[in-house]
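FYI, the numbering for the sequence shown is 73 to 240, going by the numbering used here.
Each residue gets a CB set at the ideal place from its N, CA and C atoms; glycine is no exception.
Computed from a predicted structure; not experimentally measured.
Below is one structure, written out as structure tokens; comments come after it.
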Amino acid sequence: MALSSRIAFTVGIAFTAMGLVIGCFAARVSTFTCIRDQTEQQGICRLEQSTLFLPWNKKVVSFPLDDIQKAESVELGVDLYAVVLRSRSNAPNPSLYTSEYAENSHQLASQINSFLDNPKTNVLKMQEGGGFQETVILLGFCSFGLLLIWQSIEFWHHPDSNINLDSK
């Protein structure tokens, strides 16, 4: 295997691994749903969190709508904001959404609070992550990596196809 093929193979493995690791562990998908039953004046909320490439490995939390006091945007660190549900009880306050943009976080908290304040609204459903852009980026990483791996294997099996840059 020529040196350039080895480098391409190694870089291909790195890009593919990076895409898979990001997709399995970092690219989060969160769906928050609240349904209010008008006849009983009660409701239930459900938060589902998973990763883009492992959607079957979900973390699901359900709680009564009455337990939610409010939603608020909280600064977690430098340029990192989250929407947190404040509970009326001693239950943990789940985090719904994380973003680098305060405006997105404030807007989402405002939508949740509007739903909480308006008893005539029956359903609230929001999804964060798992969008088109994230999918394209992750598939791009994996595709580029697999292309480099395939190309290096082709050069390895057909060594006469390597271009000798030293010849004049």
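Of all alpha-carbon atoms in Ser102, Asp151, Pro191, Gly115, the one lying nearest the alpha-carbon of Gly201 is that of Ser102. In the three-state scheme derived from DSSP, where H, G and I count as helix and E and B as strand, Asp109 is classed as strand. For Leu196, the uninterrupted beta strand (DSSP E) run begins and ends at 195–200, by DSSP. If you check the CB distance, Leu180 and Cys106 do not come in under 8 Å. Taking a contact to require three or more Cβ pairs closer than 8 Å, the stretch 79–87 and the stretch 213–222 qualify as touching. A distance below 8 Å separates the beta carbons of Leu210 and Ile94. Scanning Gly217, Arg158, Gln199 for the CA closest to the CA of Thr123 turns up Gln199. By the neighbour-count definition (other C-beta atoms within 10 Å, threshold 16), Gln114 is an exposed residue.
In the structure shown, the three-state DSSP call for Val132 is strand. Our two residues, Ala154 and Glu226, have alpha carbons roughly 47 Å apart in a direct line.
Inter-residue distance for Lys142 and Arg108 is about 16 Å (C-alpha atoms, whole angstroms). As the crow flies, the alpha-carbon of Val150 is around 30 Å from that of Asp139. As DSSP reads the structure, Ile225 sits in no beta bridge. Distance between Trp128 and Gln121, taken at the CA atoms: about 10 Å. DSSP places Ser159 inside the beta strand (DSSP E), whose first and last residues are 152–159.
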